[in-house]
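Chemist:
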DNA sequence: CTCTTAAGATACTGCTAGTAGCTTAAGAGA
DNA sequence: TCTCTTAAGCTACTAGCAGTATCTTAAGAG
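Residue numbers (my numbering), protein chains in the order written: chain A, 112 to 313; chain D, 112 to 313.
1. Name the chain D residues that come within less than 8 Å of residue 151/A, Cβ to Cβ?
2. Given a threshold of 16 other Cβ atoms within 10 Å of its Cβ, counted over all protein chains shown, does residue 176/D qualify as buried or as exposed?
3. Could you round the C-beta distance between residue 269/D and residue 270/A to whole angstroms and report it? I think they count as a contact, below 8 Å.
4. Return the chain-ordered ranges of every alpha helix (DSSP H) run that is complete within the region 201-271 of chain A and spans a minimum of 4 residues.
5. Taking C-alpha atoms, which residue in 297/D, 289/D, 300/D lies nearest to residue 201/D?
6. Which residue marks the beginning of the alpha helix (DSSP H) containing residue 299/D, and which one marks its end?
7. Are the Cβ atoms of residue 130/A and residue 174/A separated by less than 7 Å?
8. Please classify residue 142/D: does DSSP put it in a helix, a strand, or coil?
9. By how many angstroms is the C-alpha of residue 125/D removed from the C-alpha of residue 158/D?
10. Does the structure place the region 238-257 of chain D close enough to the region 191-200 of chain D that three or more beta carbon pairs sit under 8 Å?
11. Residue 160/D and residue 123/D look like a contact to me (Cβ under 8 Å); what is the Cβ gap, rounded to whole Å?
12. At 7 Å on the CB atoms, spell out the chain D contacts of residue 294/A, in chain order.
13. Cα-Cα, which of 232/D, 218/D, 286/D is closest to residue 138/D?
14. Under 7 Å between beta-carbons, which chain D residues line up against residue 269/A? List them in chain order, please.
15. Is the beta carbon of residue 195/D less than 7 Å from the beta carbon of residue 296/D?
16. Identify the contact partners of residue 135/D in chain A, using a Cβ-Cβ distance below 7 Å as the criterion.
17. Hey, could you find the ends of the alpha helix (DSSP H) residue 287/D is sitting in?
18. I need the boundaries of the alpha helix (DSSP H) containing residue 175/A, first residue and last residue.
19. Return yes when the Cβ of residue 146/D is within less than 7 Å of the Cβ of residue 128/D, no when it is not.
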């Protein structure tokens, strides 16, 4: 073995090895020895770059994320847009990337710093998309002002996330997605402004 | 040390020790040696009763559960009942018992059998209470038929659970609870039956 | 050509789950 | 009261993994 990688090339190889281990065995079963072996290097080389297994895995997770920003769907109806957005969210959460993210979130309670980083990525999972979709529907007269709150905007994704919290790894069925959209999101958004009702508070 | 416990008495002592360790250091930091030491016994005695650390902790979790069934609140208004139910759910989830349950759920992906047992306990976290409350409100004319679905009935608890999935351990504030009730649950339930709207599907 | 840096190899500590085997007390039956 | 079976208690062990330390040697800059 005469060639010896250095710097960025080596770092890239390690991250790539970590990504492969993550997708194959998951976060929990990933070992530093395993990553080192797969990358053709040694553990201490990894520890020179990342302080811990968790840190390495988070870096690898970021490394496997798709890059480009995505567009907001525009199907012409609130229901269509909502279904499109929710389906996209479901696809993400049920992908290997989503699986790994959930494992990371479940395991990183120790480190509140990293915890926050990761959580933000999930928490505002495209809130802006939902607000855009709602605003467009409002301009069409489809929805009223009461729908333009973060709570209502994210209610569908929040419920989807709850499904994953309950089910574990398995993907959520399209039926559940339409149920969430038709029984919760659309009714909430298209609810006519309350006239003789006192549901408005601070 | 002349006295030597046996059978049920010893089992009780071990479970009690495990409960204490769980509440003090949590599931993740609990060690079998720690439990054995606290119970004044040895590890293999524990392993004669439970096959693994996870099994012991689940048994201990069950052992610390409150027993009696609880009543359905009846404040006279849907909003009041919902707030009462949601506050109760929040108290449970933020209690030591809730904290431990979440740790267990996060850590037991390996064992789908035990996974299911535990999950059921969370999943239908008092659905019947919510349906009762909704039925009463319906009989008062406060809500329409569209609200009497499991999805709508559990929407508040589902959103609460989502808060915990995002935040980790910290308790959810009362403000968030009222937000969920006032912006989502009550509007959904009290939504007047759609006249020229096609949001009803199977 | 030399000198600094970091990669590579290996061996180590420390911790924990789970196992093994022996010794001895508990308690039941005679 | 004696005896015999069962299981508690004790101690030592294996195996696996995170993280550390040390030493040798290749890369690459000047």
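Ideal placement from N, C-alpha and C gives every residue a C-beta, glycine not left out. Remember, it's a predicted structure, so these values are computed and weren't measured experimentally.
Modeler: On the basis of the coordinates in this document:
1. Within 8 Å Cβ-Cβ: nothing; residue 151/A doesn't reach chain D, min ~30 Å.
2. exposed
3. 6 Å
4. 207-218, 223-234, 238-250, 261-264
5. 289/D
6. 297-301
7. yes
8. coil
9. 11 Å
10. yes
11. At roughly 11 Å, the Cβ-Cβ gap does not stay under 8 Å, so residue 160/D and residue 123/D are not in contact.
12. 260, 262, 263
13. 218/D
14. 270, 273
15. no
16. The contacting residues do not exist; residue 135/D stays about 16 Å from chain A at best.
17. 285-291
18. 164-175
19. yes
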